[in-house]
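Start counting the sequence shown at 304; every next residue gets the next number (the working numbering).
Report on the following structure.
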Amino acid sequence: MDRLQQARTVLLALGLPLLLGLLLAGCAASVPKAGSQLQDCAQCPALVVIPPGEFLMGAPGGEEGRPEGPVHRVRIHKAFALGMVEVTQAQFAAFVSDTGHLMTGGCQVWRGGEWHTPPDADWTNPGYGRAPFDDEPVACVTWNDAQAYVQWLARRTGRHYRLPSEAEWEYAARAGGTADYYWVDQGADADTGACVYANVYDASGKRASGFSWKPFDCDDGYAQAAPVGRFLPNAFGLHDMIGNVWEWTADCYQAPYPPAPVDGSPVQAAQGDCERRAVRGGSWVTRPSRQRASFRGRDPVDARYSFFGFRVAADL
304 MDRLQQARTV LLALGLPLLL GLLLAGCAAS VPKAGSQLQD CAQCPALVVI
354 PPGEFLMGAP GGEEGRPEGP VHRVRIHKAF ALGMVEVTQA QFAAFVSDTG
404 HLMTGGCQVW RGGEWHTPPD ADWTNPGYGR APFDDEPVAC VTWNDAQAYV
454 QWLARRTGRH YRLPSEAEWE YAARAGGTAD YYWVDQGADA DTGACVYANV
504 YDASGKRASG FSWKPFDCDD GYAQAAPVGR FLPNAFGLHD MIGNVWEWTA
554 DCYQAPYPPA PVDGSPVQAA QGDCERRAVR GGSWVTRPSR QRASFRGRDP
604 VDARYSFFGF RVAADL
């Protein structure tokens, strides 16, 4: 009997670690590899798997401006997915067609050298002087519109789609780098490299709009929005993280940064102003100092501009 008990003890000792190892291996296998791509349906945004990691969030020494402080360390504990590009006109049209989502109140557009809010301006008519193309980023969407879209996508696919937090957005935009613009981390010049990696305010934008601020010293050929994915990606494989359209995030706006959270989750009502949400990345009309990876915009949840769009995030 003693020998039988000893045999059971040995088998148990050997079996539990093996079982635990198999379980852990199964869990690891269920999370897609960092950098891999996912797409839940033909009309769904393509996603890129972003690895866990940590970074310094905010404007460190060397970045001009610095309204983005204090600099603090953020640890992203779990991999997540982020849209490879911004949500397109065609993808948003599928949502509107399926849900009948109504958008009223006009959209602020640039016409005749001034900003106007004509009642006929909306995501189908964002003030470009032409109809937007299917592969351009949807614009003239509010934070509430973006929320409605990700909730619809979640219902349709069964995956938890959402807007990225500010921390997730900056972590993904920097992609392991520390420079003002991610193309500098990839060896390109801050000015001339901009038009290779992003649709920014440049010579084309200056000719078309005449804004007083200094443009990037290059010409990407687009005076307004450009088709998504037209420019080179950052080190995580994400396109248009800077430029094209501003991107809504989940966070209630708070400046300076609150002491918490530091795990990548969004700032919520107890810490920030939820009537204004943080926007990131700049646009085709934004001055260069506001297109830095750390720069934080903030706008009312019902604001609608011809250079505001979004990209989706998703839990894995």
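Each residue gets a CB set at the ideal place from its N, CA and C atoms; glycine is no exception.
Check your understanding: Taking C-beta to C-beta, are Ala596 and Glu471 nearer than 8 Å?
Key -> no
Point to revise | Ser568 beta carbon less than 8 Å from that of Cys267 | key: In the structure as shown, the chain begins at 304 and stops at 619. Residue 267 is therefore absent and cannot be evaluated.
Review point. In terms of alpha-carbon separation, which member of Asp494, Gly496, Asp554, Phe358 lies closest to Ala478?
Key: Phe358
**Study point:** Integer Cβ distance of Phe613 from Leu405, believed to fall under 8 Å
**Key:** Their Cβ separation, rounded to whole angstroms, is 18 Å, which puts Phe613 and Leu405 out of contact at 8 Å.
Point to revise | Boundaries of the alpha helix (DSSP H) in which Arg414 is found, first to last residue | key: That residue, Arg414, is in no alpha helix (DSSP H); its beta strand (DSSP E) goes 412-414.
Practice item. Check Gly368 in the structure and name its three-state DSSP category. Key: Below a pLDDT of 50, predicted positions are generally treated as unreliable, and Gly368, at 49, falls in that range; no measurement from the model is reported.
Practice item. Would you check whether the ligand ATP has a heavy atom nearer than 7 Å to the C-beta of Arg601? Key: Within the structure as shown, the ligand ATP is missing, as the structure has no ligands at all.
Check your understanding: Below 8 Å between beta carbons: does that hold for Val441 and Val390?
Key -> yes
Practice item. Can you grab the Cα-Cα spacing for the pair Gly430 / Gly415, in whole Å? Key: 11 Å
Exercise for review: Please report the residue range of the beta strand (DSSP E) in which Trp549 lies.
Suggested key: 549-556
**Study point:** Given 8 Å, three or more beta-carbon pairs between the region 547-567 and the region 585-605
**Key:** yes
Check your understanding: Does the region 507-520 come within contact of the region 550-562, defined as at least 3 CB pairs closer than 8 Å?
Key -> no
Exercise for review: Leaving out five residues on either side along the sequence, give the residues of the same chain with a beta carbon under 7 Å from the beta carbon of Ala451.
Suggested key: His404
Point to revise | Residues near Leu321 by beta carbon distance below 6 Å, same chain, minus five either side | key: With a pLDDT of 42 at Leu321, under the threshold of 50, the modelled position of that residue is not reliable, and the figure given next carries that caveat. Excluding positions up to five away in sequence, the list is empty.
Check your understanding: Out of curiosity, what's the CA-to-CA distance linking Asp488 and Arg533?
Key -> 20 Å
Exercise for review: Go to Val351, then tell me how far its beta strand (DSSP E) extends in each direction, as first and last residue.
Suggested key: 350-353
Practice item. Would you mind reading off the limits of the alpha helix (DSSP H) that contains Asp618? Key: Where Asp618 is concerned, there is no enclosing alpha helix (DSSP H), although the beta strand (DSSP E) it sits in stretches over 616-618.
**Study point:** 3-residue-minimum beta strand (DSSP E) runs that sit fully inside the region 410-472, ordered along the chain
**Key:** 412-414, 417-419
Practice item. Go ahead and pull the three-state DSSP assignment for Ala382. Key: coil
Point to revise | Other residues of its chain near Gly372: CB distance less than 8 Å, five sequence neighbours each side excluded | key: Gly361, Ala362, Pro559, Tyr560
Check your understanding: If you check the beta carbons only, do Arg433 and Asp566 fall under 8 Å apart?
Key -> no
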